[in-house]
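Student: Under the numbering used here, the first residue of the sequence shown carries the number 1, and numbering increases by one thereafter.
Even glycine gets a Cβ: it sits at the ideal position worked out from N, Cα and C.
Pasting a structure below so you can have a look.
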Amino acid sequence: MPTPSSSKPRARSAPAAVRPDVAPKKAPTQSRAVETYERILATAAALLGEVGIERLSTNLICKRLGLTPPALYQYFPNKYAILHELGQRLMLRQNELLEPWATPATMALPEARFARSMAEMFLETVRLTEQMPAGVWVTRALRAVPSLQDVRNRSHDQVTELLLGAFLAAHPAVDAARARLCIRLAIDALYAAQELLFDDPTQLPEAVADVMSEMVAGQLARLRRSAA
Numbered sequence: 001m002p003t004p005s006s007s008k009p010r011a012r013s014a015p016a017a018v019r020p021d022v023a024p025k026k027a028p029t030q031s032r033a034v035e036t037y038e039r040i041l042a043t044a045a046a047l048l049g050e051v052g053i054e055r056l057s058t059n060l061i062c063k064r065l066g067l068t069p070p071a072l073y074q075y076f077p078n079k080y081a082i083l084h085e086l087g088q089r090l091m092l093r094q095n096e097l098l099e100p101w102a103t104p105a106t107m108a109l110p111e112a113r114f115a116r117s118m119a120e121m122f123l124e125t126v127r128l129t130e131q132m133p134a135g136v137w138v139t140r141a142l143r144a145v146p147s148l149q150d151v152r153n154r155s156h157d158q159v160t161e162l163l164l165g166a167f168l169a170a171h172p173a174v175d176a177a178r179a180r181l182c183i184r185l186a187i188d189a190l191y192a193a194q195e196l197l198f199d200d201p202t203q204l205p206e207a208v209a210d211v212m213s214e215m216v217a218g219q220l221a222r223l224r225r226s227a228a
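Written out as structure tokens, the structure is:
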């Protein structure tokens, strides 16, 4: 006689979601192919700003470009691969802006001056993102589309190591694991503050920059004091 538990049908686990392939099919080498590749990216960025993530499609890109779908599919298997490339370019530009700032000298600044310096860097990053083709929409896509989130995560990991190296060079006595965690959380918090500005235009960029930078500077200052 079956027990009450065995008489119930077992719930089936939901199948894992299949993520689209985001790897480009091939890199262009000849000048005409490079031009087509860049036109696809530029057109996708323009359309992304016009129609948003959901309505963007390879057919729409081809129609705007006067390109056949097979010609586009030589380079990108789907729209997510195009967004992936746009996301990588945005993250690269943001990281290039950050590199000259991320030095031991910056990390050794007194708390108030460090917070001010970080606020200025934050505002420069916001301006850069707004000036990049569809930079705001690409930022949203990196957050909203699961297959694109690795672009942001990899970039944040790279920035964490960059800042950590500078911070430890300036303060070698601090706990390295604790410092890495603080910096990683700070990067995510600053990125969330940037998204807040894009999603809520009523927020004042300078006010958001000041509050976030003071929070981060305060945490890093406590870490420095704990090792003194």
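If you check the beta carbons only, do E96 and L41 fall under 8 Å apart?
Tutor: No, they are not a contact pair.
Student: Would you call A16 buried or exposed, if buried means 16 or more other Cβ atoms sit within 10 Å of its Cβ?
Tutor: Because A16 sits at a pLDDT of 49, beneath the cut-off of 50, its placement in the model cannot be relied upon, and the following sentence gives the value as read from the coordinates. Its Cβ having fewer than 16 others within 10 Å, A16 is exposed.
Student: Relative to the C-alpha of D188, which residue among S155, R39, G218 and D199 is closest?
Tutor: Closest by alpha carbon: S155.
Student: For the structure I just gave you, are there three or more beta carbon pairs, one from the region 163-175 and one from the region 101-116, closer than 8 Å?
Tutor: Enough Cβ pairs lie closer than 8 Å, so yes.
Student: Can you tell me which of the three DSSP states G66 falls into?
Tutor: Residue state, collapsed to three classes: coil.
Student: Would you tell me roughly how many angstroms separate the C-alpha atoms of A209 and Q74, rounded to the nearest one?
Tutor: Straight-line Cα distance between these residues: approximately 43 Å.
Student: Suppose the cutoff is 8 Å on Cβ atoms and the five residues either side in sequence are ignored; what does the same chain contact list for L196 look like?
Tutor: Answer for L196: Q203 and V208, listed in chain order.
Student: Report the residue from D199, E206, S213 and F198 whose alpha carbon sits nearest the alpha carbon of I183.
Tutor: When each option's Cα is compared against that of I183, the closest is S213.
Student: Please go through the same chain and pick out, in chain order, the residues whose beta-carbon is closer than 8 Å to the beta-carbon of K79, but skip the five residues on each side of it.
Tutor: Only A44, L56, S57, T58 and I61 meet the Cβ criterion.
Student: Does the Cβ of V22 have 16 or more other Cβ atoms within 10 Å, making it buried, or fewer, making it exposed?
Tutor: When all chains shown are included, V22 counts as buried.
Student: Among residues of its own chain, excluding the 5 on either side of S226, which ones have a beta-carbon nearer than 6 Å to its beta-carbon?
Tutor: Hits under 6 Å: none found.
Student: Where do the ends of the alpha helix (DSSP H) carrying Y191 lie?
Tutor: Note, Y191: alpha helix (DSSP H), A176 to D199.
Student: In angstroms, rounded to a whole number, what distance separates the CA positions of Y37 and P146?
Tutor: Whole-angstrom Cα-Cα distance: 24 Å.
Student: If I follow the unbroken alpha helix (DSSP H) through N153, where does it start and stop?
Tutor: Run containing N153: Q149 to A170, per the alpha helix (DSSP H) assignment.
Student: Check whether the Cβ atoms of I82 and A144 lie closer than 8 Å to each other.
Tutor: Contact: no.
Student: Out of A179, M118, L67 and A141, state which residue places its alpha-carbon closest to the alpha-carbon of L190.
Tutor: The shortest C-alpha separation from L190 is found at M118.
Student: Write down the C-beta distance between A193 and E111 rounded to the nearest angstrom, noting that I regard them as a contact closer than 8 Å.
Tutor: Not quite, the Cβ-Cβ distance comes to about 19 Å (not below 8 Å), so this is no contact.
Student: Do L90 and V138 count as a contact pair if the criterion is CB distance below 8 Å?
Tutor: It is a contact, given that the beta carbons lie within the stated cut-off.
Student: Alpha carbon to alpha carbon, how far is A27 from F76? Give it in angstroms, no decimals.
Tutor: Taking the straight line joining both Cα atoms gives about 10 Å.
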